[in-house]
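*Asks:*
Numbering (this note's numbering), first residue to last: 514 to 727.
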C-alpha cells in the first residue's frame, strides 16, 4: 500500500517541480516581471536550478537522519528538474538576452568568469542527466557512482556563478553557500560517525547499480 502511495505521489511531485515554470509563464503573460523582465527570467530560472540541485544533495542526509528511505525515489526527479531549469536559464541567456549571436556568446564565456563557471556547471549536468536511468546505472556499474560525484563540483560552480554575478548584496548567494557547506560537512566521515545516537556501521560491498551516490 505504501508503494502505491509513493507511486501516486510522484505525479503530484512532478507538478510541484513545474510550479516555478508555471509562475514564470504566468508573470510573463501578465507583464509582471518588473523593469528588467529578461534579468528576472534569468534570475528565477537559475535560482530554481540551484535550489533543486541543493535539494538533490539534501536527500541522502534526510534519509539517514529521518529514516525515510522512500525519499530516495524523488532524487532523480529533483536532479532532472535541476537540469531542466539550468537549461532554461541558459536558453534565456542565449536567445533572449544575447539574441542568439553566437560570436558574442563565446566572447562572453571567455571574458566573464561568472559565465565561464556557469556554463561549466551546465556542461557537468549533462552526463549526470543522461546517465540517471536504472539502465545506465546497471551498465556503468561502480563507475556510475564515481561519475555522479561530479554533482558536488556542479553545485560549487553554480554557487560561484551566482556569487560572482551579484554585484552588491551578496547575502542570498552566501546563504546558499552556507546550505551547501552544511550538506558537505554532514558528509565528512567524522561528523557522520560522531552524530548523537549513531554508531558506525560495518562496511558493506555494494555495487553502484544498487546504491546511488551520496
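We put the CB at the ideal spot given by N, CA and C, even for glycine.
This structure is a prediction, so every number in the text was calculated from the model and none was measured.
Quick one: residues in its chain with C-beta nearer than 7 angstroms to the C-beta of residue 524, no 5 flanking neighbours on either side, listed in chain order?
*Replies:* Excluding residues within five positions, none has a Cβ falling inside 7 angstroms.
*Asks:* Would you decide whether residue 531 is buried or exposed? Buried here means 16 or more other CB atoms lie within 10 Å of its CB.
*Replies:* Exposed.
*Asks:* Give every residue of the same chain whose Cβ lies closer than 7 angstroms to the Cβ of residue 555, excluding the five residues on either side of it in the sequence, and list them in chain order.
*Replies:* The answer, listed in chain order, is 602, 605, 606, 610.
*Asks:* Report yes if the CB atom of residue 553 is closer than 8 angstroms to the CB atom of residue 547, and no otherwise.
*Replies:* Closer than 8 angstroms, so yes.
*Asks:* In this structure, how does DSSP classify residue 529 when only helix, strand and coil are distinguished?
*Replies:* Correct three-state label for residue 529: helix.
*Asks:* Taking residue 630 and residue 569 to be in contact with their CB atoms under 8 angstroms, please state how far apart those CB atoms are, rounded to whole angstroms.
*Replies:* Between residue 569 and residue 630 the Cβ distance is about 19 angstroms, and since that is not below 8 angstroms, they are no contact.
*Asks:* Which class does residue 606 belong to by DSSP, given the choice of helix, strand or coil?
*Replies:* Helix, per DSSP.
*Asks:* Measure how close the beta-carbons of residue 693 and residue 668 come, nearest whole angstrom, since I'm counting them as under 8 angstroms.
*Replies:* Confirmed, Cβ separation roughly 6 angstroms.
*Asks:* Can at least three beta-carbon pairs, one atom from the stretch 629-648 and one from the stretch 580-599, be found at a separation below 8 angstroms?
*Replies:* These segments touch.
*Asks:* How would you call residue 657, buried or exposed, if buried means at least 16 neighbouring beta carbons within 10 angstroms?
*Replies:* With 16 or more Cβ atoms within 10 Å of its Cβ, residue 657 is classed as buried.
*Asks:* Whole angstroms is fine: what's the gap from residue 562's alpha carbon to residue 582's?
*Replies:* Rounded to whole angstroms, residue 562 to residue 582 spans 24 angstroms at the Cα level.
*Asks:* Three Cβ pairs or more, each shorter than 8 angstroms: is that satisfied between the stretch 571-579 and the stretch 622-637?
*Replies:* No, they do not touch.
*Asks:* Between residue 543 and chain C, is there a C-beta pair that is closer than 8 angstroms?
*Replies:* Here chain C cannot be found, since the structure has a single protein chain.
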